[in-house]
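Working notes, structure below.
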Amino acid sequence: GPEGAKALAMVSSELRLAKLDLSRCRLGDEGARVLGRWLGGSNSSAQCLTELGLDDNFIGPEGAQSIAEMLKKNNFLKTLQMFDNVCGPEGAFAIAEGLKKNRSLKILDFSSNICG
Numbered sequence: 004g005p006e007g008a009k010a011l012a013m014v015s016s017e018l019r020l021a022k023l024d025l026s027r028c029r030l031g032d033e034g035a036r037v038l039g040r041w042l043g044g045s046n047s048s049a050q051c052l053t054e055l056g057l058d059d060n061f062i063g064p065e066g067a068q069s070i071a072e073m074l075k076k077n078n079f080l081k082t083l084q085m086f087d088n089v090c091g092p093e094g095a096f097a098i099a100e101g102l103k104k105n106r107s108l109k110i111l112d113f114s115s116n117i118c119g
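Heads up: the sequence shown at position 34 corresponds to 37 in my numbering, and the numbers run straight through without jumps.
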C-alpha cells in the first residue's frame with residue numbers, strides 16, 4: 004500500500020532498478036503521489052527505471068494527476084502499465100496532458116479504467 008511506496012522512496016538512493024512491478028499493491032492515490040514525486044525528481048536511481056507496473060491499485064483521479072506530473076519530468080520511463088484502476092475522466096485527461104511533454108514513454112496500457 005501507500006506505506007510501502009513511502010518505504011521504497013526512502014531507500015531509493017540505494018536502488019538501481021530497471022523494472023518495478025507494483026501491481027495489485029493497493030497503492031491508491033497516496034501511493035501514486037509518493038511514486039510520482041520519486042520518479043519525477045532528479046534522483047539518479049529513478050533514471051534507471053524504464054518499466055513501471057501500477058495495475059489494479061485503486062489509483063483515482065488524484066493519483067493519476069501525480070503520475071501525469073511525473074510523466075512531464077521523467078525522460079527515462081519507456082513502459083507504464085496502469086490498467087484496471089479508477090482514474091476516471093479527470094485522471095485520463097491528466098495522463099494525456101502529461102504525455103504531451105514526455106518524450107521517452109513508448110508503451111502505455113491504460114485499459115480497463117473507469118473513465119466515465
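From the three backbone atoms N, C-alpha and C, an ideal C-beta is built for every residue, glycine too.
Nothing here was measured: the structure is a model prediction, and the numbers come from that model.
For residue i, which beta-bridge partners are listed by DSSP?
i, result
"THR82", "GLU54, ILE110"
For residue i, count neighbouring Cβ atoms within 10 angstroms of its own Cβ and tell me buried if that reaches 16, exposed if not.
i, result
"SER114", "exposed"
"SER69", "buried"
"ALA21", "exposed"
"GLY101", "buried"
"ASP24", "exposed"
"ALA35", "buried"
"ILE62", "buried"
"ALA99", "exposed"
"CYS90", "buried"
If you drop the 5 nearest sequence neighbours on each side, which residues of the same chain put their C-beta closer than 6 angstroms to that of residue i?
i, result
"ILE110", "THR82"
"MET85", "LEU57, PHE113"
"GLU54", "LYS22, THR82"
I'd like the list of long-range same chain contacts for residue i, defined as Cβ closer than 7 angstroms, with 5 residues on each side in sequence excluded.
i, result
"GLN50", "PHE79"
"VAL37", "PRO5, ALA8, LYS9, ALA12"
"GLY39", "SER69, ILE70, GLU72, MET73"
DSSP state of residue i, grouped into three classes?
i, result
"LEU23", "strand"
"LEU74", "helix"
"ILE98", "helix"
"LEU30", "coil"
"SER69", "helix"
"GLY44", "coil"
"VAL37", "helix"
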